[in-house]
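The block underneath contains the structure these notes are about, expressed in structure tokens.
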Ligand SMILES: Cc1cc2nc3c(=O)[nH]c(=O)nc-3n(C[C@H](O)[C@H](O)[C@H](O)COP(=O)(O)OP(=O)(O)OC[C@H]3O[C@@H](n4cnc5c(N)ncnc54)[C@H](O)[C@@H]3O)c2cc1C
């Protein structure tokens, strides 16, 4: 293949997303993020620990700013992040016309 | 007149002819080689003058073609040396490292010149020549005009005998392999661009090369001896003058001996390494006028070397020096004992080969040996490399048609000739002048091997063997089959396989993201997420529903935790998500493409460093 053709091939190629991998990354960010935020508030302490973050309990039943809640949040965050990542990957791949393999 | 019949007749005992014969012998086909000269090796010969051996120039043995390395090893295994390479540039009394090193170049040129070079470089970067039509514009666009004038102009003009403004830019561009994006990234991430069969990175070949103990001629003399032992004779002093053909087949060739006798040689297959211009005019009956005209238009640059024997054990440490100084006519100077210590009969002596690139109509071409030695001595003394009383002896060797010229029209002429030659089915033209190609030994040999294989059923296009060829993409045909046209197969799959995996990763990583698709994907996910969050709070109900989520109303106009707000949020979060996805993908694509352009530019600069070797 000539250099020009090779370059054209790369410049025309459209990236595909591995929906599974994207879901995994978002899950780590979501779950890990929520866990770290909760833990940070707990370690910091104070009179009203995590008043605002507690509100997530409206969506994630059982979640609160306690050590147990941090682990519950880890699971919820990972699940939500995973679903969001997977959805973005799937929708993106559908639009570019490449079926996702993962 | 004496007549002889053989299976195959090969014209010329240079690398291409001898290798063709060598390959034919492997397939049990006997051949006779007709060589005009008294020495074998063609341009790659070694001349022996009173025990001093020297090449026509200096012949490095390096090839990225595994097959060629195997043949070299087969012919002279133990006599092949691995030599370190040192070659510098001599310009106005200074030596400059080659490939050029910025620090060394600037210190040799002095502060003022260095500043002027810097300014000239900056100028060409800001205002480059829009069109790169000729060699001058091509090099100046990359190095700046001042550096081009010092390091490229004089030498190139000495070699080719025409102003750089008349050399096409394509010619320079062909010499610098234009790396594809994937190759440039692979080089940047994984190092050198290719590997030899045993896995060593090819770039190291620039610092070292193989060289037979007694010069390149040793390779070709050994090859001739091996052929001779198998009954394949090389007849020296036979200049082919006439090639008789009828009904699309050569019947026989006529060669003139040194004594003036004409000998006839007939055969089934014919291989020619003689210059195309001579081949066409030797054909009997003569080809159509158009073909004759095309052949006569092919031009060649001639070459002459003055060899001085010097009473000193060490003159300079380089294998050769490029002479850029415009005051002297010589283009390069070889120090043969630095190629192999056995090139001189006495280690207290040094032989220097002064190289002159000429046309055979130039005055100097016809100068006497003594006059040329005198010129050589004066120039070498002027360059302060030797003293007057140090030269003991000298000799001169002339090599006509050393360089096939690539002028504006050569390709068209070559096409006309090729079309005509294709009508003669048992004649294959191979090698450097045999194909009017600026080939090194390896590619000349490869054409010989392919041509030989073609007569035993393979189907190689020998014209496609050239400098640009990617060696690992070399294709072969299966000879075991019945002689039909066969599908080429890859050899050396190990090398390819090693490259395919990283290449696929690079391609995937550098592929563009579709901004629209990412925009829609993120828009949808954002929109649905906000709608569902709002809906969840509404369904759950309570005194004050979702006071905190309502704060999003600061960003999404009209949004609140109501069913209407949920719908508005759906639309606005969708638009916001789309914009984030679209811009994000665009930014990522731009970063990637800027990065790859930078890598390509760097790779091209790296390649340009040894441009002089390719001149
Ligand atoms: C200055 C210089 C430096 C070089 N350096 C290198 C290097 O470092 N490494 C490298 O690999 N290559 C190098 N080369 C290139 C190398 O010399 C050639 O690629 C190689 O010799 C070509 O081989 P060939 O057989 O095709 O042609 P040639 O070497 O030209 O051989 C052709 C033979 O055919 C004979 N012949 C011509 N006409 C007739 C006729 N009518 N009848 C009978 N015989 C005839 C000639 O006498 C000659 O022996 C260099 C070339 C030059 C000029």
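Residue numbers (my numbering), protein chains in the order written: chain A, 1 to 102; chain B, 1 to 615. Even glycine gets a Cβ: it sits at the ideal position worked out from N, Cα and C.
- Around the beta carbon of residue 547/B, fewer than 16 other beta carbons sit within 10 angstroms, so the residue counts as exposed.
- Straight-line spacing of the CA atoms in residue 258/B and residue 238/B works out to 7 Å.
- In this structure, residue 513/B sits near residue 15/A, with a CB-CB distance shorter than 8 Å.
- Counting only Cβ-Cβ distances below 9 Å, residue 63/A has no contacts in chain B at all, with the closest Cβ about 13 Å away.
- Within 7 Å of the C-beta of residue 56/B there is at least one heavy atom belonging to ligand 1.
- Inside the stretch 39-75 of chain B, DSSP marks whole alpha helix (DSSP H) runs of 4 or more residues at positions 66-75, from first to last along the chain.
- Look at the stretch 543-560 of chain B: the residues with a C-beta under 7 Å from a C-beta of chain A are 548.
- Shown here, residue 601/B sits in a helix according to DSSP, grouped into three states.
- Around the CB of residue 296/B, fewer than 16 other CB atoms lie within 10 Å, so the residue is classed as exposed.
- For residue 91/A, the nearest beta carbon of chain B is closer than 8 Å to its own beta carbon.
- Neighbours of residue 13/A in chain B, taken as residues whose beta carbon is under 9 Å from its own, are 507, 508, 510, 511, 512 in chain order.
- The C-alpha of residue 442/B is placed about 20 Å away from the C-alpha of residue 171/B.
- Membership of residue 91/B in the beta strand (DSSP E) is indicated by the continuous run 87-91.
- Exclusion of residue 27/B from the 7 Å shell around ligand 1 follows from its C-beta lying no nearer than that to any non-hydrogen atom of the ligand.
- Pairing residue 428/B with residue 389/B gives a Cβ-Cβ distance that is not under 8 Å.
- The beta-carbon of residue 530/B is placed no less than 8 Å from the nearest beta-carbon of chain A.
- Taking every protein chain shown into account, the CB of residue 401/B has 16 or more other CB atoms within 10 angstroms, so this residue is buried.
- Interface residue (Cβ-Cβ distance to chain A less than 8 Å): residue 579/B is not classified as such.
- In terms of side-chain proximity, the C-beta atom of residue 34/B is found nearer than 7 Å to a non-hydrogen atom of ligand 1.
- DSSP places residue 319/B in the coil class of the three-state scheme, outside both helix and strand.
- When 74/A, 85/A, 93/A are compared, the shortest CA-CA separation from residue 34/A is found for 74/A.
- The closest heavy atom of ligand 1 lies 7 Å or more from the beta carbon of residue 299/B.
- Interface residue (Cβ-Cβ distance to chain A less than 8 Å): residue 109/B is not classified as such.
- At least one heavy atom of ligand 1 is found less than 7 Å from the C-beta of residue 13/B.
- Between residue 527/B and residue 573/B, the C-beta gap is smaller than 8 Å, which places the two residues in contact.
- The DSSP assignment places 350-358 as complete runs of the beta strand (DSSP E) inside the stretch 348-403 of chain B, in order along the chain (cut-off: 3 residues).
- Put simply, of 112/B, 308/B, 235/B the residue whose alpha carbon is nearest the alpha carbon of residue 337/B is 308/B.
- For residue 94/B, the beta-bridge partners assigned by DSSP are 91/B.
- A distance criterion of 7 Å places the beta-carbon of residue 16/B in contact range of ligand 1, judged by its closest non-hydrogen atom.
- As computed with DSSP, residue 211/B is found in a beta bridge with 81/B.
- Annotation for residue 440/B: no beta strand (DSSP E) segment contains it, and DSSP assigns it neither H nor E.
- With a minimum length of 4 residues, the unbroken runs of alpha helix (DSSP H) contained wholly in the stretch 111-179 of chain B fall at 111-126, 135-143, 145-148, 154-160, 169-175.
- In this structure the stretch 156-164 of chain B touches the stretch 133-147 of chain B; the number of beta carbon pairs closer than 8 Å is three or more.
- Interface residue (Cβ-Cβ distance to chain A less than 8 Å): residue 218/B is not classified as such.
- Linking residue 510/B to residue 91/A through their CA atoms gives a straight-line distance of about 21 Å.
- Per the Cβ contact rule, the stretch 235-253 of chain B is in contact with the stretch 414-425 of chain B (3 or more Cβ pairs under 8 Å).
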